[in-house]
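Student:
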Amino acid sequence: MLQLKILFRNAFHNKLRSGLTILGITVAVLAFGLLRTVIGAWYSGVEAASASRLVTRNAISIIFPLPIAYAEKIRQIEGVKLVSWGNWFGGIYIDEKNFFPNFCVEPRTYMAVYPEFVLSPPEKKAFLADRKGFVAGRKLAARYHWKIGDTVTLRGTIFPGNWDFVLRGVYRGRDETIDETQFLFHWDYLNETMKRVSPRRADQVGFYMIAVSRPDLAPDVALSVDRTFKNSLAETLTETEKAFNQGFIAMSGAIVTAIQMVSFVVILIIMAVVANTMAMTTRERIGDYAIMKTLGFGGGSIAVMIFGESLVIALTGCFAGMILTFPAARAFSQTLSTYFPIFIVSAQTLWLDLLAALLIAFFAAIIPARRAIRVGIAEGLRRLG
Amino acid sequence: MAEPKRSIVEIRNLSKAYHRESLAVPVLHDITFDIAEGEFLALMGPSGSGKTTLLNLLAGIDKADSGTILVGGVDITALSETELAHWRANNVGFIFQFYNLIPVLRAVENVELPLHLTALSRRERREHAEMALRMVSLEHRMDHYPKEMSGGEQQRVAIARAIVTDPTILVADEPTGDLDRVSAEEILTMMERLNAEMGKTIVMVTHDPRAAKRAKVVRLLDKGYLNDAPAQNPL
Ligand SMILES: Nc1ncnc2c1ncn2[C@@H]1O[C@H](COP(=O)(O)OP(=O)(O)O)[C@@H](O)[C@H]1O
Ligand SMILES: [Mg+2]
Chain V
123 MLQLKILFRN AFHNKLRSGL TILGITVAVL AFGLLRTVIG AWYSGVEAAS
173 ASRLVTRNAI SIIFPLPIAY AEKIRQIEGV KLVSWGNWFG GIYIDEKNFF
223 PNFCVEPRTY MAVYPEFVLS PPEKKAFLAD RKGFVAGRKL AARYHWKIGD
273 TVTLRGTIFP GNWDFVLRGV YRGRDETIDE TQFLFHWDYL NETMKRVSPR
323 RADQVGFYMI AVSRPDLAPD VALSVDRTFK NSLAETLTET EKAFNQGFIA
373 MSGAIVTAIQ MVSFVVILII MAVVANTMAM TTRERIGDYA IMKTLGFGGG
423 SIAVMIFGES LVIALTGCFA GMILTFPAAR AFSQTLSTYF PIFIVSAQTL
473 WLDLLAALLI AFFAAIIPAR RAIRVGIAEG LRRLG
Chain W
12 MAEPKRSIVE IRNLSKAYHR ESLAVPVLHD ITFDIAEGEF LALMGPSGSG
62 KTTLLNLLAG IDKADSGTIL VGGVDITALS ETELAHWRAN NVGFIFQFYN
112 LIPVLRAVEN VELPLHLTAL SRRERREHAE MALRMVSLEH RMDHYPKEMS
162 GGEQQRVAIA RAIVTDPTIL VADEPTGDLD RVSAEEILTM MERLNAEMGK
212 TIVMVTHDPR AAKRAKVVRL LDKGYLNDAP AQNPL
């Protein structure tokens, strides 16, 4: 097709200008993609959380504990399938900068409530059998080169002292949205130690995790749990895990909103840059378009060439940016895996890249195309020479 | 005296003014004249006298304020934009001072350009374009881009593009205005031959007497008025 031939050659006629514009789009799409991925990483904890799991914590604040005796009462509530519990341990590995989430949990029930943490049967057996054992996510174990049988010492913060653990298993996420940087050990180990050194702090848990038998029962079960402990010494607050995690994230919500806005501002800026390029090329070619109109080509042909040229430039930049997003995201996740355990470029981000490129192409071409179509032939020809 | 020839162009009471802000600047005043079939007419006049405007009107790329223009019996002032575009594609071949080739297209592709609006197949288009280039002796420049050719060669490509659709009338606006003497003579000879050998009706705007000398009839335009005498070329 003739228009196709002309628009492709036009797009790369002024190599420096097209090259710089395409480079700009590439960088913008790359920045957009990375920012979207950061936002995605932020929310992935929420996404992974199951709506059919409940988290029960102290109603006053997450930092106050609940008695272990609640476990039995919760188990008896209708709709509850499994109850597990745990404490945020907050231990430090050698140095503060080695940050990773570490919890103690009731291991048997925890494995059942969180089937997305996949552990091989022998490792699972070894973990359950060793009261001082722990399991680590695949990425965490790889980061510190821990091998099965290694002893790892955490320095307690909330629970003072040096705590030795033996690596008994390395879990994998069921899919790539599962955090593989967690450190999990036996609640019994913590509790028995506390019984010895600080009896007042024994028999307490930070949170209960409840699996309900059907997701639609979750709201009723949450109400029942909280009603059961109403007017007791430690009242509870029970939410779906998703809501619980969102509460965590809400604190940083303003930052996420800011990142989101910046990602769209990047697109707006590049839109203006491409619009400027298109305005320049179209102005230079007003004479060419006038000739084509003289020869009998209609406004539609002219529009096809201008929108097409804009599209070629935008898509070339977009694809380059998309391709570069992957290595960039990999580098990003390697340096920032502490903060973003899950850092993957989602299909949605790529679709958004593409959508952004189409919008850039369209809005950049709209005014130049209108002008080129409207200008009279005699007027256009006079601009030549 | 030869038998009277049929008029291919009949212009009646044609007027046009350009509007600058609220001011109307008249450019053509009540022009009436005919162009005979097979004519080679030179339209002369000083710069700014309205030659280009008149040529644009009779070629259907500009609109008059009043008056009628019949070309081959069709009143082109009554046609819509779209009809006019279609009419131009079928009836007019254009040659401009600055050749006006599409810079990203090779010579043969430039010549093919108007054929894209016809029903010709890809192969037929190429054959027609190559034939037209042979007629202007440029078969050896087929695959060259405009910037790889001299001014005279580019103008020959433009002539090939103008004749490839076999139009009713050829219009040329200062076709030698940007060329050196030798190239200008070449182009004029080519136009003379198109007129003499192929019977093409040609309207050429020029202010160069040497160019006008080659035409059969010369008409003078001055400040938008056409001299009455449709004089046989006195030069
Ligand atoms: N688009 C326009 N707007 C206003 N004035 C114009 C325009 N085009 C041409 N003119 C004026 O009309 C007059 C005739 O122009 P033109 O037909 O180009 O003359 P010529 O070809 O004989 O030099 C000139 O005075 C020119 O300035
Ligand atoms: Mg002129």
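Just so you know, the protein sequences line up as chains V and W, in that order.
The first sequence runs contiguously to residue 507 in this note's numbering.
The second sequence runs contiguously to residue 246 in this note's numbering.
For each residue, glycine too, the CB sits at the ideal point set by N, CA and C.
1. Is the beta carbon of Leu68 of chain W less than 8 Å from the beta carbon of Ala226 of chain W?
2. Spell out a yes or no on whether the region 130-150 of chain V and the region 336-354 of chain V are touching, meaning 3 or more CB-CB pairs, one atom from each, closer than 8 Å.
3. Quick one: grab the DSSP three-state call for Ser77 of chain W.
4. Measuring only from the beta carbon, is Glu185 of chain W closer than 7 Å to any heavy atom that is part of ligand 2?
5. Drop a sphere of 10 angstroms on the beta-carbon of Ala89 of chain W, count the other beta-carbons inside from all chains shown, and report buried for 16 or more, exposed for fewer.
6. If you draw a straight line from the alpha carbon of Ala486 of chain V to that of Ala436 of chain V, how long is it in whole angstroms?
7. Nearest to Phe107 of chain W by CA position, among W:Asp184, W:Ala35 and W:Arg172, is which residue?
8. Could you tell me if Glu94 of chain W is buried or exposed, where buried requires 16 or more neighbouring beta carbons within 10 angstroms of its beta carbon?
9. Taking the alpha carbon of Met402 of chain V as the reference point, which residue from V:Ser140, V:Gln326, V:Phe130 and V:Leu124 has its own alpha carbon closest?
10. Using DSSP's beta-bridge definition, name the partner residues of Met414 of chain V.
11. Any C-beta of chain V sitting closer than 8 Å to the C-beta of Leu116 of chain W?
12. Near Leu231 of chain W, which residues of its chain fall below 6 Å by C-beta distance, leaving aside the five closest residues on each side in sequence?
13. Given that a residue counts as buried once 16 or more other Cβ atoms are within 10 Å of its Cβ, and exposed if not, what is Thr447 of chain V?
14. Which residues have their C-beta within less than 5 Å of a heavy atom of ligand 1, listed in chain order?
15. Over the uninterrupted beta strand (DSSP E) stretch that includes Ala324 of chain V, give me the two end residues.
16. Could you check whether the Cβ of Val216 of chain W sits closer than 7 Å to any heavy atom belonging to ligand 2?
17. If you measure between the beta carbons of Thr303 of chain V and Leu262 of chain V, is that distance less than 8 Å?
18. Compare the beta carbon distance of Pro490 of chain V and Met427 of chain V with 8 Å and say whether it is the shorter of the two.
19. From the DSSP secondary-structure annotation, give me the bridge partner or partners of Pro189 of chain V.
20. Beta carbons nearer than 9 Å to chain V: which residues of the region 198-209 of chain W have them?
21. So, Val467 of chain V versus Phe154 of chain V, is the Cβ gap smaller than 8 Å?
22. Taking Asn67 of chain W as the query, report the chain V residues whose CB atoms sit under 7 Å from its CB, ordered along the chain.
23. Residues of chain V with CB closer than 7 Å to the CB of His127 of chain W, please, in chain order.
24. Pull out every residue of the region 73-91 of chain W whose Cβ sits closer than 7 Å to any Cβ of chain V, in chain order.
25. Over the uninterrupted beta strand (DSSP E) stretch that includes Phe44 of chain W, give me the two end residues.
26. When DSSP labels each residue in this structure, what does Tyr236 of chain W get in the three-state scheme?
27. Which chain W residues sit within Cβ distance under 8 Å of Asn512 of chain V?
28. Considering only residues of the same chain and omitting the five flanking positions on each side of Ala425 of chain V, which have a CB-CB separation below 7 Å?
29. Taking C-beta to C-beta, are Val292 of chain V and Val257 of chain V nearer than 8 Å?
30. Considering only the alpha carbon of each residue, which of W:Lys62, W:Ile42 and W:Arg31 lies closest to Val216 of chain W?
31. Could you compute how far the alpha carbon of Met12 of chain W sits from the alpha carbon of Ala118 of chain W?
32. Which residues bound the beta strand (DSSP E) around Asn24 of chain W?
33. Check each candidate in V:Gly283, V:Leu188, V:Pro237 and V:Met331 and name the one with the smallest Cα separation from Gly295 of chain V.
34. For chain W, find out if any of its Cβ atoms is closer than 8 Å to the Cβ of Thr299 of chain V; answer yes or no.
35. For Val36 of chain W and Gln470 of chain V, what's the separation of their Cα atoms in angstroms?
36. Just the Cα atoms here: how many angstroms apart are Tyr232 of chain V and Ala333 of chain V?
Tutor: Quick look at the numbers:
1. The answer is no: Cβ separation not under 8 Å.
2. No, they do not touch.
3. Correct three-state label for Ser77 of chain W: strand.
4. Yes; taking the cut-off as 7 Å, the Cβ of Glu185 of chain W has a heavy atom of ligand 2 nearer than that.
5. Flag for Ala89 of chain W reads exposed.
6. Distance between the alpha carbons of Ala486 of chain V and Ala436 of chain V: 9 Å.
7. Nearest of W:Asp184, W:Ala35 and W:Arg172 to Phe107 of chain W, Cα basis: W:Asp184.
8. Glu94 of chain W should be labelled exposed.
9. Residue V:Ser140 is the option with its Cα nearest to Met402 of chain V.
10. None, per the DSSP bridge assignment.
11. Closer than 8 Å to some Cβ of chain V, the Cβ of Leu116 of chain W qualifies, so yes.
12. Apart from sequence neighbours up to five positions away, the residues of its chain that approach Leu231 of chain W with a beta-carbon distance below 6 Å are Met55, Gly56 and Asn238, ordered along the chain.
13. Classification of Thr447 of chain V: buried, given that the 10 Å Cβ count is 16 or more.
14. Listed by chain position, these are W:Tyr29, W:Val38, W:Ser58, W:Gly59, W:Ser60, W:Gly61, W:Lys62, W:Thr63 and W:Thr64.
15. Neither: Ala324 of chain V is in no beta strand (DSSP E) and is coded neither H nor E.
16. Yes, Cβ of Val216 of chain W sits closer than 7 Å to a heavy atom of ligand 2.
17. Yes, these two residues count as a Cβ contact at 8 Å.
18. Cβ atoms of Pro490 of chain V and Met427 of chain V: not closer than 8 Å.
19. DSSP output for Pro189 of chain V lists V:Gln326 as bridge partner(s).
20. Those residues of the region 198-209 of chain W that come within reach of chain V (Cβ to Cβ, closer than 9 Å) do not exist; the list is empty.
21. No, these two residues do not count as a Cβ contact at 8 Å.
22. What Asn67 of chain W touches in chain V: Ala500.
23. Simply Leu124.
24. Answer in chain order: Asp73.
25. Element bounds for Phe44 of chain W: Leu34 to Ala47.
26. Strand.
27. Outside the displayed range of chain V (123 to 507) lies residue 512 of chain V, so it cannot be described from this structure.
28. Only Ala491 and Ile495 meet the Cβ criterion.
29. With respect to the 8 Å criterion, Val292 of chain V and Val257 of chain V are classified as neighbours on the basis of their beta carbons.
30. Of all alpha-carbon atoms in W:Lys62, W:Ile42 and W:Arg31, the one lying nearest the alpha-carbon of Val216 of chain W is that of W:Lys62.
31. For Met12 of chain W, the predicted structure reports a pLDDT of 44, less than 50, and the residue's modelled location is therefore unreliable. The matter cannot be settled from this model.
32. Its beta strand (DSSP E) spans residues Ser18 to Arg31.
33. In terms of CA proximity to Gly295 of chain V, V:Pro237 leads the group V:Gly283, V:Leu188, V:Pro237 and V:Met331.
34. False, the Cβ-Cβ gap to chain W never drops below 8 Å.
35. Those two C-alpha atoms are separated by around 60 Å.
36. Distance between the alpha carbons of Tyr232 of chain V and Ala333 of chain V: 10 Å.
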